[in-house]
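Below is one structure, written out as C-alpha cells; comments come after it.
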Amino acid sequence: MPANLRKFFVPLQGLILTGTALTVLFSVATVFSGFHRYLELFSHFKVQYLAISIILCFVLLLLRYFKILLVMTIVAALNASFVLPWYVDRDNDVLGVTKTLKLMHSNVQTSNTEYHKLIDLVRNENPDILILQETSEQWLENLNDLNAVYPYVKTNPRDDNFGIALFSKLPFETVEETRWGPSDLPSLHAKVRVSDQLVSIITTHPLPPTGADYYWSRNLQLIDVADAVRLIDDPIILIGDLNITMWSGDYHPLETDTGLVNARNGFGILPTWPTFLPVAKIPIDHCLVSAKFKVEHIEVGQDIGSDHLPLIVHLGLIKE
Numbered sequence: 013m014p015a016n017l018r019k020f021f022v023p024l025q026g027l028i029l030t031g032t033a034l035t036v037l038f039s040v041a042t043v044f045s046g047f048h049r050y051l052e053l054f055s056h057f058k059v060q061y062l063a064i065s066i067i068l069c070f071v072l073l074l075l076r077y078f079k080i081l082l083v084m085t086i087v088a089a090l091n092a093s094f095v096l097p098w099y100v101d102r103d104n105d106v107l108g109v110t111k112t113l114k115l116m117h118s119n120v121q122t123s124n125t126e127y128h129k130l131i132d133l134v135r136n137e138n139p140d141i142l143i144l145q146e147t148s149e150q151w152l153e154n155l156n157d158l159n160a161v162y163p164y165v166k167t168n169p170r171d172d173n174f175g176i177a178l179f180s181k182l183p184f185e186t187v188e189e190t191r192w193g194p195s196d197l198p199s200l201h202a203k204v205r206v207s208d209q210l211v212s213i214i215t216t217h218p219l220p221p222t223g224a225d226y227y228w229s230r231n232l233q234l235i236d237v238a239d240a241v242r243l244i245d246d247p248i249i250l251i252g253d254l255n256i257t258m259w260s261g262d263y264h265p266l267e268t269d270t271g272l273v274n275a276r277n278g279f280g281i282l283p284t285w286p287t288f289l290p291v292a293k294i295p296i297d298h299c300l301v302s303a304k305f306k307v308e309h310i311e312v313g314q315d316i317g318s319d320h321l322p323l324i325v326h327l328g329l330i331k332e
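Quick note: to get our numbering, add 12 to the position in the sequence shown (first position is 1).
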C-alpha cells in the first residue's frame, strides 16, 4: 500500500478491526437463529452482512491484514451462501399452464393516508386478486372506487395495524375468517375457481417479534398456518406480511412442513420493509405457493406511502 494511503487508514484501523470482529460475530452467530430470539432478530440482515463483509475484504487487502482477510473472505462466502441462491433460476419448466393469475399484496400501513397511490397502482397493475393488510375503516371507505372492479370482497377492518381485506374479480366459492395462534388476529382463507379448479388463498399477518411474547405468538401462528396448509388438497397460495425473513430458522417449517415454495426463488431478495430506511430493508412480505403453480414473475411495486412495498405476483396454474 502506498505510504500516503496507509497513513490515511492508520487512524481508522481500530474502527475497521472492530467492524470486522462484529461482522464475523453477527454473520456466524445468526446462522444459529433457532437457539434464541435475539439471534433470530439479527438473522434477517444477510444482505447487509454480505455487503459489509465484501467491503471489509477490500479494506483488509489494502491494509495487508492477510490472516484477517482470509477469515473475512470465508465470512463473505458464508453470507453469500444465504443470499445468492435466491437469484439462481430454479427449474420451473413445465408442460404448460391452464390459466395465469395475478395477485397483488400490500401492507398499506394503517396510519398512511395516501390512498390515491394504492388506487393508482391497483389500476395500473390490474391484479385478479388484491390482498391488503393493516386496513382500517377509514382505509376501506377510501377504497370504495375499487368495488366496481372487485365485486367480491371480504374484510375485517381494525385500527390496531391488523385489519385485513381480500378483493377479488373471481367469485368466492368459500371465504372464511380464521384465527390462528394465540393472538386472536384475523386471517382469511378463500377458495376461488380457476379454470375449473379450486384454488385456496390464505392471507395472514402475525405479530412482529419485538418482544418475547410477540416472538412466540408469531411462531405459533405460523405453525398453525403450516398445519392448516397440510390439510388442504387444492393448489395453495399463502401470501402476507409474515414478519419474518427466509433466513430465520422459524421460517423454514413454512416450506419444509408444507411443500410450499417461496415465489422469490430465482427472482432475487426483493426486500419490502422498511421503506423509510432503504439500507436496512429486508424481505418480510411473502408469497408461497404449492407445486401446482408456476411462478412466472414476482416484483415489488412502487412506494404507496406505506412502510412496506407491495408485492406483485404472476402465477400460472399448471395443467394436470
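Positions of the beta carbon are idealized from the N, C-alpha and C atoms, including for glycine.
Since the structure is predicted, the reported quantities are computational estimates derived from the model, not experimental observations.
At a Cβ-Cβ threshold of 8 Å, Asp315 and Gln121 do not count as neighbours. Look at the beta carbons and you see the stretch 197 to 213 touching the stretch 237 to 251: at least three pairs across the two are nearer than 8 Å. Looking at Ala292, Phe279 and Ala303, the one whose alpha-carbon comes closest to that of Tyr99 is Phe279. For Phe47, the three-state secondary structure derived from DSSP is helix. By the Cβ criterion, the stretch 169 to 180 is in contact with the stretch 131 to 149, since at least three pairs of Cβ atoms, one from each stretch, lie closer than 8 Å.
Taking a contact to require three or more Cβ pairs closer than 8 Å, the stretch 41 to 53 and the stretch 64 to 79 do not qualify as touching.
Distance from the Cα of Asn119 is smallest, within the candidate group Asp253, Ser302 and Gly261, for Asp253.
Excluding sequence positions up to five before and after Phe184, its CB lies within less than 8 Å of the CB of Tyr164, Lys166, Ala202, Lys203 and Val204, all in the same chain and listed in chain order. About 5 Å separates the Cβ atoms of Ile294 and Thr257, confirming a contact at the 8 Å cut-off. The residues Asp253, Leu254, Asn255, Ile256, Thr257, Thr284 and Trp285, in chain order, have a CB closer than 7 Å to that of Ile296 in the same chain once the five nearest residues on each side in sequence are set aside. For the beta strand (DSSP E) assignment, the uninterrupted runs of no fewer than 3 residues enclosed by the stretch 205 to 267 are, from N- to C-terminal side, 209 to 215 and 248 to 253. Of the residues assessed, Thr222 falls on the exposed side of the cut-off, its CB having fewer than 16 other CB atoms within 10 angstroms. If you look at Thr125, you'll find it isn't in any alpha helix (DSSP H); DSSP assigns it neither H nor E. In terms of Cβ geometry, Ala275 and Leu234 do not form a close pair [threshold 8 Å]. Between the alpha carbons of Thr85 and Leu72 lies a gap of roughly 10 Å.
In this structure, the straight-line span from the alpha carbon of Asn159 to that of Val187 is close to 17 Å.
In this structure, DSSP gives Ser65 a helical state, which the three-state scheme calls helix. The C-alpha of Ile131 lies about 35 Å from the C-alpha of Trp228.
The residue from Leu243, Pro198 and Leu27 with its alpha-carbon nearest to that of Leu68 is Leu27. Sequence-distant Cβ neighbours of Ser39 in its own chain, meaning closer than 7 Å and more than five residues away, are Tyr61, Ser65, Val87, Leu90 and Asn91. Assignment of beta-bridge partners to Glu311 by DSSP yields Ile324. Burial check for Phe57: the Cβ neighbour count within 10 Å reaches 16 or more, so the residue is buried. With 16 or more other Cβ atoms from the protein chains shown falling within 10 Å of its own Cβ, Ser199 counts as buried. The C-beta distance from Val206 to Lys111 rounds to 5 Å, short enough to meet the 8 Å contact threshold.
Look at Thr186 here: in three-state DSSP terms it is strand. Going by beta carbons, Val95 and Val36 fall outside the 8 Å limit. Boundaries of the alpha helix (DSSP H) around Phe78: Phe78 to Val95. Taking C-beta atoms as the reference points, His298 and His309 fail to come closer than 8 Å.
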